[in-house]
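Step one of this worksheet: look at the structure below.
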Amino acid sequence: MGGCASKDKKDAVIGDATTTEAAAVAATTNGDATDGNKSSESTMVDAAVLAKLEEGYAKLAASNSKSLLKKYLTKEVFDNLKNKKTPSFGSTLLDCIQSGLENHDSGVGIYAPDAEAYSVFSELFDPIIEDYHTGFKKTDKHPPCTLGDASVFSNLDPNNEFVVSTRVRCGRSMEGYPFNPCLTEAQYKEMEQKVSTTLSSLDGELKGKFYPLTGMEKAVQQQLIDDHFLFKEGDRFLQSANACRYWPSGRGIYHNDNKTFLVWCNEEDHLRIISMQMGGDLGEVYKRLVTAINAIEKRIPFSHHDRLGFLTFCPTNLGTTIRASVHIKVPKLAANLAKLEEIAGKFNLQVRGTRGEHTEAEGGVYDISNKRRMGLTEFDAVKEMYDGIAELIKIEKSL
Ligand code: ADP
Ligand code: CIR
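Read in order, the letters of the sequence shown are residues 0 to 398 in numbering that gives the first Met the number 0.
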């Protein structure tokens with residue numbers, strides 16, 4: 000269902016290509032499709048997709064979902080968009096919102112099946128982006144990549160009282176390839192090969208090995224997940240967004256020996272570049288990420304949009320794509336979770352559970368990170384977490 004409504008047709012076309020040239024043409028790294036051609040496309044959404052959309056919309060409208068999708072998918076917006084398709088991949092509104100229609104407990108509920116979806120369905124994406132990224136308007140332009148000076152950040156918790164570990168990640172999409180719902184199995188494999196070969200040339204602290212998910216022992220996979228190094232499996236939000244097709248083909252993880260530098264391949268985004276370590280030394284963690292981004296960027300071209308910054312599958316990750324987080328124990332503040340979330344919100348921080356998004360805190364450990372990623376630089380996104388966590392620790396100490 001969904002997953003680039005005309006996915007089968009497109010797979011056939013792109014599948015004929017021995018390289019990804021066809022996809023490269025179709026994937027347009029800028030996603031700058033204008034709405035000018037909507038009339039020619041407006042009658043092409045097939046009846047089954049329309050019926051599913053109408054039924055899903057009615058259920059969502061009647062639900063008490065708190066998702067941004069429900070908030071911004073008014074009847075008027077729904078009617079304006081339900082007959083549209085992206086020009087290159089034929090993705091429909093259903094491909095964008097199926098996850099939110101099937102999971103009413105979504106926080107957001109929308110993904111871009113291909114880059115053009117951000118333009119074709121902008122009437123829905125733009126207000127969601129503005130809301131999530133606190134004020135990034137449809138007329139705003141994301142600033143150029145500015146990683147800044149990592150040495151500005153010192154250790155957030157030199158006495159190891161509160162911060163268990165620190166992690167900063169960013170996401171990247173490979174130029175010439177669409178997002179998950181529109182990838183063929185051949186493309187998944189080709190991308191995995193490119194990523195693994197490219198990363199094998201990294202040296203120094205970044206030197207490591209690529210481990211494909213295909214063939215990985217279940218016990219090894221589970222240990223990597225339990226230790227917070229590897230993405231979880233079977234995320235229902237991603238599954239209903241058609242982002243898990245051909246799993247585990249093309250998916251894998253690269254890491255150095257001590258697992259302080261990691262790269263996820265083809266989970267939610269093509270690449271997730273991650274730096275993490277125990278304790279609160281954000282300067283060291285961010286410096287390693289900056290070194291890694293610079294090294295990988297020289298080797299792999301990434302999709303970047305003039306207005307939206309780095310392109311990602313989920314609109315919450317656009318722009319800098321940076322999520323800087325600490326695993327932190329603040330028992331006094333956390334005695335009242337709603338209060339912790341409220342205070343964190345004042346510093347533009349988001350609270351997640353120990354195993355990441357949509358999980359609970361275990362042993363009093365919360366994952367607290369910068370929430371917005373657009374309309375500010377990479378450096379400022381990390382600084383938002385740094386400043387906010389420093390304040391939270393101050394408050395915890397004062398209680
Ligand atoms: P993402 O960070 O990629 O958006 P998740 O919220 O699912 O995705 O988190 C991915 C993994 O990273 C989870 O296992 C989570 O526990 C782990 N993680 C996040 N922040 C930290 C941290 N500061 N220290 C250790 N592990 C972390
Ligand atoms: C939701 O709406 O809750 C999920 N679709 C996840 C949204 C944001 N998280 C993400 O991109 N990892």
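In this text, a Cβ means the ideal position worked out from N, Cα and C, and glycines have one as well. These figures come from a predicted structure and were not determined experimentally.
Simplified DSSP state of residue i, which is helix, strand or coil
{"i": "residue 205", "result": "helix"}
{"i": "residue 385", "result": "helix"}
{"i": "residue 115", "result": "coil"}
{"i": "residue 149", "result": "helix"}
{"i": "residue 167", "result": "strand"}
{"i": "residue 313", "result": "coil"}
{"i": "residue 109", "result": "coil"}
{"i": "residue 457", "result": "The structure shown does not extend to residue 457, since the chain is modelled only from 0 through 398, so no value can be given for it."}
{"i": "residue 332", "result": "helix"}
{"i": "residue 293", "result": "helix"}
{"i": "residue 260", "result": "strand"}
{"i": "residue 244", "result": "coil"}
{"i": "residue 104", "result": "coil"}
{"i": "residue 301", "result": "strand"}
{"i": "residue 172", "result": "coil"}
{"i": "residue 287", "result": "helix"}
{"i": "residue 368", "result": "strand"}
{"i": "residue 327", "result": "strand"}
{"i": "residue 274", "result": "strand"}
{"i": "residue 31", "result": "Residue placement at residue 31 cannot be trusted, given a pLDDT of 42 that sits under 50; the coordinates are not used to answer."}
{"i": "residue 321", "result": "coil"}
{"i": "residue 374", "result": "coil"}
{"i": "residue 99", "result": "helix"}
{"i": "residue 251", "result": "strand"}
{"i": "residue 134", "result": "coil"}
{"i": "residue 54", "result": "helix"}
{"i": "residue 79", "result": "helix"}
{"i": "residue 84", "result": "strand"}
{"i": "residue 162", "result": "strand"}
{"i": "residue 67", "result": "helix"}
{"i": "residue 361", "result": "strand"}
{"i": "residue 44", "result": "coil"}
{"i": "residue 308", "result": "strand"}
{"i": "residue 93", "result": "helix"}
Closest Cα partner of residue i within the set the options
{"i": "residue 179", "options": "267, 235 and 348", "result": "267"}
{"i": "residue 324", "options": "285, 131, 157 and 137", "result": "285"}
{"i": "residue 211", "options": "89, 321, 194 and 152", "result": "194"}
{"i": "residue 359", "options": "336, 345, 376 and 82", "result": "336"}
{"i": "residue 67", "options": "213, 176, 263 and 133", "result": "133"}
{"i": "residue 115", "options": "127, 301, 89 and 100", "result": "89"}
{"i": "residue 260", "options": "149, 84, 209 and 113", "result": "209"}
{"i": "residue 171", "options": "271, 258 and 78", "result": "271"}
{"i": "residue 384", "options": "368, 151 and 396", "result": "368"}
{"i": "residue 202", "options": "69, 91 and 294", "result": "294"}
{"i": "residue 381", "options": "283, 329 and 364", "result": "283"}
{"i": "residue 79", "options": "119, 296, 345 and 221", "result": "119"}
{"i": "residue 228", "options": "257, 216, 234 and 128", "result": "257"}
{"i": "residue 399", "options": "43, 86 and 330", "result": "The requested residue 399 does not occur in the structure, where the chain is confined to residues 0 to 398."}
{"i": "residue 169", "options": "356, 365, 322 and 396", "result": "322"}
{"i": "residue 43", "options": "357, 64, 226 and 86", "result": "86"}
{"i": "residue 278", "options": "156, 70 and 63", "result": "156"}
{"i": "residue 196", "options": "299, 220, 181 and 222", "result": "299"}
{"i": "residue 265", "options": "152, 232 and 303", "result": "232"}
{"i": "residue 220", "options": "198, 253, 82 and 280", "result": "253"}
Within 8 angstroms, strictly: CB atoms of residue i and residue j
{"i": "residue 165", "j": "residue 276", "result": "yes"}
{"i": "residue 318", "j": "residue 348", "result": "no"}
{"i": "residue 236", "j": "residue 111", "result": "no"}
{"i": "residue 48", "j": "residue 123", "result": "no"}
{"i": "residue 103", "j": "residue 59", "result": "yes"}
{"i": "residue 320", "j": "residue 372", "result": "yes"}
{"i": "residue 377", "j": "residue 146", "result": "yes"}
{"i": "residue 401", "j": "residue 207", "result": "Only positions 0 to 398 of the chain appear in the structure, and residue 401 is not among them; the question remains open."}
{"i": "residue 301", "j": "residue 190", "result": "no"}
{"i": "residue 137", "j": "residue 121", "result": "yes"}
{"i": "residue 398", "j": "residue 339", "result": "no"}
{"i": "residue 314", "j": "residue 131", "result": "yes"}
{"i": "residue 396", "j": "residue 364", "result": "no"}
The region 104-118 touching the region 150-169, judged by at least three CB pairs closer than 8 angstroms: no
Inter-stretch contact at 8 angstroms, needing at least 3 Cβ pairs: the region 246-259 / the region 181-192: yes
Completely contained beta strand (DSSP E) runs for the region 179-238, where each covers 3 or more residues: 207-211
Any 3 or more C-beta pairs closer than 8 angstroms across the region 228-245 and the region 288-302: no
Stretch pair the region 47-65 + the region 91-102: three plus CB contacts closer than 8 angstroms: yes
Segment contact flag, the region 134-144 with the region 300-317, C-beta cutoff 8 angstroms, min 3 pairs: yes
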